[in-house]
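Q: Chains as they are written, first to last, in the numbering used here: chain A, 56 to 279; chain B, 56 to 279.
Note that CB positions come from ideal geometry on N, CA and C, so glycine has one too.
Have a look at this one before I ask anything.
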DNA sequence: CAAAAAAGTCAAGATTCGGTCAAGTCCTCC
DNA sequence: GGAGGACTTGACCGAATCTTGACTTTTTTG
């Protein structure tokens, strides 16, 4: 299967060069020369994004956040340099990487290939979710905030697990109930309300946020 | 999109009954009354298979294996009972499920619907529409303009979703009402006027345009 | 140009939904 | 067999949303 790569940089010369090179390597490429164009191009649902975070007239961090909110693929940053501050700001999260300018084309292709391989492997069985200080480990069924563990009951964790592995998507209570209790479970999906309350309470207490958002009239959604 | 379901059982009465019922639910059905027929029918590339593993003259396990080697869709087993040994033998793998005989038709349809939904989710989890700076995400039910979210209520978003997935087409209020509220909904399609007003208001405020166009005497249309 | 028809606006009442709580049941581990 | 935690249930309340109907504006048509 051919991978789709979205290239975002303000310099047309550079995006074209990269696009030509990557097409040559067998990738399908999309380019965008600004923040707005980048967001539009997300509709192609790329497998990987090459992103210049130092584009003029663009707030790199919030563009990056927008991208992450809408697609779940690795982002490789093209940048003059990454400072410690950048890392703290959350530019780099789990699946991401950066390449400092100037760079050679072989370096770019090598990194891309490595990321796609890793992504491929981990997508099917990702067991660890990290999001802004919160660490959810599906294998050991534990949740940590900073160094401190937050304990959840079975049902509570099941709900978190389902939501977090489908982060960003909205599920109504029926679907959630079905997913956690099983297809043939009978009972009132209203229980979810109570469990969600408990989960939120614990998360709020420990982290100051609630993570699970209500979409009124529709259902719940895990917010990264 | 109509899903294709292959029904495999040696009892013609049963396959016919299931086929009739599922067609009624809007599925496209194919039937096979033996192992050989089943393998031939795989050519239709079904989205889900209902399979009796206790057919006479047939080794259920190897038939099942053959099927899996050729198509990658969930299989729901129809069986008298599943023993622990069956599970060990590998009848049940990741995406699969079983229904024990005797079963009711509602149970079958419920299971099928659930499996198809799950399958759908893993196949293409993000449904994104980008149009002129506007980013509409159907999975998370969010709408962004530049970096800023525009929030819509359930009905409002439902209307946007319908119009945007059928962008360019004109729908009269009756049709829109039917599409969003459901076929059997009773009520006045006049509500649409009010919801459209709210949608336009929010869009106008955020983006400076209205996107939903009135075709006088006919209906509404989403303009990119 | 005036009347009729269609579409848009507005405010208020009706309705639905989600959060919360308290109480009851079930289960497990001493 | 009892204590404690986990899971459910049902009722209630307030808030968000939906709907309605009267009214205004715009467009079409005779």
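Quick check on residue 132 of chain A: buried or exposed, where buried means 16 or more other Cβ atoms within 10 Å of its Cβ?
A: That one is buried.
Q: If we ignore side chains and look at the alpha-carbon of each, how far apart do residue 163 of chain B and residue 271 of chain B end up?
A: Roughly 46 Å between the two C-alpha positions.
Q: Who are the Cβ neighbours of residue 274 of chain A in its own chain at under 8 Å, not counting the five residues just before and after it?
A: Setting aside the 5 residues that flank it on each side, residue 274 of chain A is surrounded in the same chain by 225, 226, 227, 228, 230 and 231, each with a C-beta closer than 8 Å to its C-beta; the list follows chain order.
Q: Report back the beta-carbon spacing between residue 254 of chain A and residue 211 of chain A to the nearest angstrom; my notes put them in contact at under 8 Å.
A: 5 Å
Q: Could you check whether the Cβ of residue 209 of chain B sits closer than 8 Å to any Cβ belonging to chain A?
A: yes
Q: Under 8 Å by Cβ, that's how I've got residue 90 of chain A and residue 116 of chain A pegged, so tell me the actual separation to the nearest angstrom.
A: Going by Cβ atoms, the distance from residue 90 of chain A to residue 116 of chain A rounds to 11 Å, so no, they are not a contact pair.
Q: Along chain B, in chain order, which residues have C-beta atoms closer than 9 Å to that of residue 271 of chain A?
A: 208 and 209
Q: Anyone know if the C-beta pair for residue 86 of chain A and residue 189 of chain A falls short of 8 Å?
A: no
Q: Going by the CB atoms, is the gap between residue 134 of chain B and residue 113 of chain B shorter than 8 Å?
A: No. Outside cutoff.
Q: According to DSSP, is residue 204 of chain A part of a helix, a strand, or is it coil?
A: strand
Q: For residue 199 of chain A, which residues from the same chain have a beta carbon less than 6 Å from its beta carbon, with the 5 sequence-adjacent residues on both sides left out?
A: 190
Q: Could you give the distance in angstroms between the alpha-carbon of residue 294 of chain B and the alpha-carbon of residue 234 of chain B?
A: Nothing can be reported for residue 294 of chain B: it is not among the residues displayed for chain B, which extend from 56 to 279.
Q: Mapping DSSP to helix, strand and coil, what is residue 115 of chain B?
A: The three-state reading of DSSP puts residue 115 of chain B in helix, counting H, G and I together.
Q: Give me the subset of the stretch 91-109 of chain A whose CB atoms are less than 8 Å from a CB atom of chain B, sorted by chain position.
A: 91, 94, 95, 96, 97, 98 and 100
Q: Using only the alpha-carbon positions, how far apart do residue 73 of chain B and residue 236 of chain A sit?
A: 26 Å
Q: Can you check whether the C-beta of residue 63 of chain A is within less than 8 Å of a C-beta belonging to chain B?
A: no
Q: Using a C-beta cutoff of 8 Å, does residue 185 of chain B count as contacting chain A?
A: So yes, residue 185 of chain B belongs to the interface.
Q: Can the beta-carbon of residue 101 of chain B be found less than 8 Å from the beta-carbon of residue 67 of chain B?
A: no
Q: What does residue 225 of chain A reach in chain B if we use C-beta pairs closer than 8 Å?
A: In chain order: 194, 195 and 196.
Q: Mind checking whether residue 215 of chain A and residue 207 of chain A have CB atoms under 8 Å apart?
A: yes
Q: Can you name, in chain order, every residue of its own chain whose Cβ lies under 7 Å from the Cβ of residue 78 of chain B, other than the five neighbours on each side?
A: Setting aside the 5 residues that flank it on each side, residue 78 of chain B is surrounded in the same chain by 84, each with a C-beta closer than 7 Å to its C-beta; the list follows chain order.
Q: Leaving out five residues on either side along the sequence, give the residues of the same chain with a beta carbon under 7 Å from the beta carbon of residue 57 of chain A.
A: Excluding residues up to 5 positions away in sequence, 81, 82 and 83 lie with their Cβ nearer than 7 Å to the Cβ of residue 57 of chain A in the same chain.
Q: So which residues on chain A does residue 188 of chain B lean against when the C-beta distance must stay under 9 Å?
A: 91, 94 and 95
Q: Starting from the C-beta of residue 96 of chain B, find all residues in its chain whose C-beta is less than 6 Å away, skip the five residues before and the five after it, and write them out in chain order.
A: 61, 85 and 87
Q: Provide the residue span of the alpha helix (DSSP H) that contains residue 72 of chain A, from first to last.
A: 67-79
Q: For residue 184 of chain A, write down the residues that DSSP places opposite it in a beta bridge.
A: A:191
Q: Pick from A:182, A:183 and A:76: whose alpha carbon is nearest that of residue 161 of chain A?
A: From the listed residues A:182, A:183 and A:76, the smallest Cα separation to residue 161 of chain A is found for A:76.
Q: For residue 223 of chain A, count neighbouring C-beta atoms within 10 Å of its own C-beta (all shown protein chains included) and say buried if the count is 16 or more, exposed if not.
A: Buried.
Q: Report, in whole angstroms, the separation of the C-beta atoms of residue 106 of chain A and residue 185 of chain B, which I expect to be a contact under 8 Å.
A: Residue 106 of chain A to residue 185 of chain B, Cβ: 17 Å. No contact.
Q: Quick check on the DSSP output: the alpha helix (DSSP H) that includes residue 213 of chain B runs from which residue to which?
A: The continuous alpha helix (DSSP H) containing residue 213 of chain B extends over residues 209-220.
Q: The beta strand (DSSP E) that contains residue 270 of chain A, what's its start and end?
A: 267-270
Q: Just verifying my parser: in three-state terms, what is the DSSP assignment at residue 275 of chain A?
A: strand
Q: How many whole angstroms separate the CB atoms of residue 209 of chain B and residue 194 of chain B, which I take to be in contact at a CB cut-off of 8 Å?
A: Not a contact, Cβ separation roughly 15 Å.
Q: Quick check on the DSSP output: the alpha helix (DSSP H) that includes residue 153 of chain A runs from which residue to which?
A: Taken as a continuous stretch (DSSP letters only), residue 153 of chain A belongs to no alpha helix (DSSP H), being part of the beta strand (DSSP E) at 152-155.
Q: Starting from the beta carbon of residue 169 of chain B, find every residue of chain A whose beta carbon is closer than 7 Å, and list them in chain order.
A: 233 and 238
Q: Is the closest heavy atom of the ligand COA to the C-beta of residue 268 of chain B under 7 Å?
A: Of the ligands one can find in the structure shown there are none, so the ligand COA has no counterpart to examine.
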